[in-house]
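Student: Encoded as structure tokens, here's the structure I'll be asking about.
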Amino acid sequence: MYCSSCSDTMFERPVIPFLIFICCLYSYNCIIVVPERILVRDVNENYVKYATATVRRSSKRGEYVVNVDIYTKVVIGNNVTVHINLFEYNSKYNQYVRTPMVFQYKWCELVLHDQWFGPILRKNGLTRCPTPVGRTTLSNLTLSGSFPFQVPFNRGKFETIWKREATNELLGCIETFITILK
Ligand SMILES: *[C@@H]1O[C@H](CO)[C@@H](O)[C@H](O)[C@H]1NC(C)=O
Ligand SMILES: *[C@@H]1O[C@H](CO)[C@@H](O)[C@H](O)[C@H]1NC(C)=O
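Sequential numbering of the sequence shown, starting at 1217, is according to the working numbering.
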């Protein structure tokens, strides 16, 4: 599944939105993360009916945002763990190499309490947890903001993996390819 509308704009330098610019003046370690494309890698149909994710511009010359549409067949609570792994792109070998920047959360801990990735979800209306059965849509997700770490490279990807804690079964996996502006 490719996001064809993104490929032609891949290395175009986006307009840095004013609010993010202000954020970066005042907060610790703010980085501007431009999503290039996003791929739903795996969906476990026992738990998830469908999952789609796309990258769009929020307006004609606006920033790049992520839209997610997921339909879950079961309640998702702290019995699901989320792994967020950051990879660095190595142009010499044309490979994504896993970095030590790996994070693991219980789903509701992430949604309700986490101060780094949580705001990305909460800003877009995911303020309740557990997530009920049915459709969840998140629109206009921007990935820029304060991060708990320095990111010493410009291209990479985030791998986000949901697992059922009791059995370690995969529920889904989404890859987000990013460019980082500093
Ligand atoms: C996302 O942003 C676009 C452009 O700013 C806006 O038209 C749209 O209503 C927004 N969607 C949501 C769900 O906020
Ligand atoms: C998580 O727990 C809820 C409530 O006990 C349950 O309904 C749901 O099926 C569980 N989710 C998974 C993925 O096991």
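From the three backbone atoms N, C-alpha and C, an ideal C-beta is built for every residue, glycine too.
Whole-angstrom Cβ separation of V1264 and I1286, contact assumed at under 8 angstroms?
Tutor: Here the question's residue 1264 lines up with position 48 in the sequence shown. Here the question's residue 1286 lines up with position 70 in the sequence shown. So it is a contact: roughly 7 angstroms between Cβ atoms.
Student: Between which two residues does the beta strand (DSSP E) holding C1324 run?
Tutor: As a working note, residue 1324 is residue 108 in the sequence shown. Where C1324 is concerned, there is no enclosing beta strand (DSSP E), although the alpha helix (DSSP H) it sits in stretches over 1323-1329.
Student: Kindly identify the DSSP beta-bridge partner or partners of L1255.
Tutor: Taking the sequence shown and counting its residues from 1, the one referred to as residue 1255 is at position 39. Answer is E1391.
Student: Around the C-beta of V1318, are 16 or more other C-beta atoms found within 10 angstroms, so that it is buried, or is it exposed?
Tutor: Stepping through the sequence shown from its first residue, residue 1318 is reached at position 102. When all chains shown are included, V1318 counts as exposed.
Student: Which residue from F1333, V1281, N1283, F1303 puts its Cα closest to that of E1375?
Tutor: Within the sequence shown, the letter at position 159 stands for residue 1375. Measuring from the Cα of E1375, the nearest candidate turns out to be F1303.
Student: Does the distance from the CB of A1267 to the CB of V1256 come in under 8 angstroms?
Tutor: Position 51 of the sequence shown holds residue 1267. Position 40 of the sequence shown holds residue 1256. Yes. Within cutoff.
Student: Around the Cβ of M1217, are there at least 16 other Cβ atoms within 10 angstroms (buried) or fewer (exposed)?
Tutor: For this step, residue 1217 is matched to residue 1 along the sequence shown. Legend: pLDDT at M1217 = 33, less than 50; position of this residue unreliable, no value from coordinates given.
Student: Excluding sequence positions up to five away, which residues of its chain have a Cβ less than 7 angstroms from the Cβ of V1349?
Tutor: Locating residue 1349 in the sequence shown gives position 133, counting from the first residue. Closer than 7 angstroms at Cβ, skipping near neighbours: T1288, K1289, V1290, V1291.
Student: Just to confirm the assignment, what range does the beta strand (DSSP E) spanning G1372 have?
Tutor: In the sequence shown, residue 1372 corresponds to position 156, counting from 1. It spans 1371-1380 - the beta strand (DSSP E) in which G1372 sits, taken as one unbroken run.
Student: According to the Cβ coordinates, are V1249 and S1360 closer than 8 angstroms?
Tutor: Position 33 of the sequence shown holds residue 1249. Position 144 of the sequence shown holds residue 1360. Yes, Cβ-Cβ distance for V1249 and S1360 is below 8 angstroms.
Student: Return the chain-ordered list of same chain residues with a C-beta closer than 7 angstroms to the C-beta of E1325, the five sequence neighbours on each side being excluded.
Tutor: On the sequence shown, position 109 is the one that residue 1325 refers to. Cβ within range, chain order: N1294.
Student: Please determine whether the Cβ atom of Y1266 lies at a distance below 7 angstroms from any heavy atom of ligand 2.
Tutor: For the purposes of this step, residue 1266 is taken as the residue at position 50 of the sequence shown. Checking every heavy atom of ligand 2 against the Cβ of Y1266, none is found closer than 7 angstroms.
Student: Comparing C-alpha positions only, which one of T1270, G1388, G1372 sits nearest to K1379?
Tutor: Looking up residue 1379 in the sequence shown gives position 163. Cα-wise, what sits closest to K1379 is G1388.
Student: Just confirm the distance between the C-beta atoms of A1269 and N1260, as a whole number of angstroms; I'd bet it's less than 8 angstroms.
Tutor: Translated into the one-based positions of the sequence shown, residue 1269 becomes position 53. Translated into the one-based positions of the sequence shown, residue 1260 becomes position 44. Contact flag wrong, Cβ pair sits at about 16 angstroms.
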